[in-house]
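Working notes, beginning with the structure itself.
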Amino acid sequence: MKYQGKLPMRFKPEEKLDIIQLARYSGLGFENTLKLFGIKPHRVWRWIRNIEENGLIGLTDQHPVPKSLPSKHLPDEERLVIEKANIYTHLNHRKLAHQIFRDEEVFLSESLVYRILKKHDLICSKPVLKIEVSDTWNNQPQKPNELWHIDISYIPCGINEKGKTIFWYLIVVLDGYSRYVITWDLFPDMTKERCFHMVDQALYRNDYSTSREAKEILVEFFDYYNNHRLHQGIGYLTPREAYYGLNQDYSQRRQKAKLDSINQRNLYWTKSGEPLTFSKS
């Protein structure tokens, strides 16, 4: 009797073997015999190849292997995101995903990190302070020290005897290619001589009681900016790494970790026996 269902009929290993034998020796011909069962010939040829490669055990149906990344992440991955989010409270989900890879060599996509943070109400608010080079300008630099820009900002540094705010000038030099802060300083006045070696755009707003206090805080800030802050515009490297040509294999290592993560998730959920959902991302 011909099978009329929409889904392919499943057979036990012994039934598959009987169908192979019948198709070969029925006298009706291989394909004509299979038509009686509503079975495509390529399916039976696959059974035959499985026998040749693995013996009779090759006729046992195997669990399907997902062809794309399961959207279901591992429990340890979720715990890791929460742990790091509580440490790096100033990072958004994109930079947190890259910081996790730097710390642990574990790949987590930016979208996955966002979903976990949202689930646990840990979405980081946007920072008030940003120092960024403009995304576009004429003659894009191709290497460090090819193009520098200058930014001059006013820094409130206390109150004078008349009750008016004292402003000093913060002059910052940024390398256009790497976003690395070459140098910076505070000055009570601003002349063209102060700006000879200054490049790119920088911004810092805060209130300080004295210029000394401002300088101490800025020392700490620019150390963080140059050596620790991950910059999206240069592939989530730090400005120091981009300026000195360090960690240049970062994207390749992260891609390899991505493939390892996919394999680990597939193995974990296949062994667990729980249903998988799939995503192209």
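The opening position of the sequence shown corresponds to residue 380 in my numbering, with each subsequent residue numbered one higher. Every residue gets a Cβ at the ideal spot worked out from N, C-alpha and C, and that includes glycine.
Given that a residue counts as buried once 16 or more other Cβ atoms are within 10 Å of its Cβ, and exposed if not, what is residue i?
{"i": "Pro-454", "result": "exposed"}
{"i": "Lys-414", "result": "exposed"}
{"i": "Gly-555", "result": "buried"}
{"i": "Glu-620", "result": "buried"}
{"i": "Asn-605", "result": "buried"}
{"i": "Tyr-404", "result": "exposed"}
{"i": "Thr-544", "result": "exposed"}
{"i": "Pro-567", "result": "exposed"}
{"i": "Thr-468", "result": "exposed"}
{"i": "Trp-547", "result": "buried"}
{"i": "Leu-609", "result": "buried"}
{"i": "Arg-558", "result": "buried"}
{"i": "Tyr-583", "result": "buried"}
{"i": "Glu-484", "result": "exposed"}
{"i": "Thr-412", "result": "buried"}
{"i": "His-421", "result": "exposed"}
{"i": "Arg-389", "result": "exposed"}
{"i": "His-607", "result": "exposed"}
{"i": "Glu-394", "result": "exposed"}
{"i": "Ser-630", "result": "exposed"}
{"i": "Ile-436", "result": "exposed"}
{"i": "Ser-651", "result": "exposed"}
{"i": "Glu-410", "result": "exposed"}
{"i": "Asp-530", "result": "buried"}
{"i": "Glu-462", "result": "exposed"}
Mapping DSSP to helix, strand and coil, what is residue i?
{"i": "Phe-566", "result": "strand"}
{"i": "His-607", "result": "coil"}
{"i": "Asp-554", "result": "strand"}
{"i": "Ile-430", "result": "helix"}
{"i": "Ile-561", "result": "strand"}
{"i": "Leu-407", "result": "coil"}
{"i": "Leu-722", "result": "No answer is possible for residue 722: the residues shown for the chain start at 380 and end at 660."}
{"i": "Leu-413", "result": "helix"}
{"i": "Arg-422", "result": "helix"}
{"i": "Arg-389", "result": "coil"}
{"i": "Leu-438", "result": "helix"}
{"i": "Lys-635", "result": "helix"}
{"i": "Asp-579", "result": "Low confidence applies to Asp-579: its pLDDT is 37, below 50, so where it sits in the model is not reliable enough to give any reading."}
{"i": "Leu-453", "result": "coil"}
{"i": "Thr-589", "result": "coil"}
Report the partner residues of residue i according to the DSSP bridge assignment.
{"i": "Phe-546", "result": "Pro-535"}
{"i": "Val-598", "result": "Paired residues: none, contrary to the question."}
{"i": "Leu-616", "result": "His-610"}
The ligand HEM heavy atoms versus the CB of residue i: any closer than 6 Å?
{"i": "Tyr-493", "result": "Ligands are entirely absent from the displayed structure, and the ligand HEM is therefore not among its contents."}
*What are the complete alpha helix (DSSP H) segments, minimum 4 residues, inside the region 459 to 540?*
472 to 483, 489 to 498
*Does the pairing of the region 465 to 474 with the region 491 to 504 give three or more beta-carbon distances under 8 Å?*
yes
*Pair every Cβ in the region 593 to 611 with every Cβ in the region 560 to 567, then say whether three or more of these pairs are closer than 8 Å.*
yes
*Do the region 412 to 432 and the region 622 to 638 touch if we need at least three Cβ pairs shorter than 8 Å?*
no
*Assess, as a yes-or-no matter, whether the region 609 to 617 is touched by the region 474 to 485 under the definition of 3 or more beta carbon pairs within less than 8 Å.*
yes
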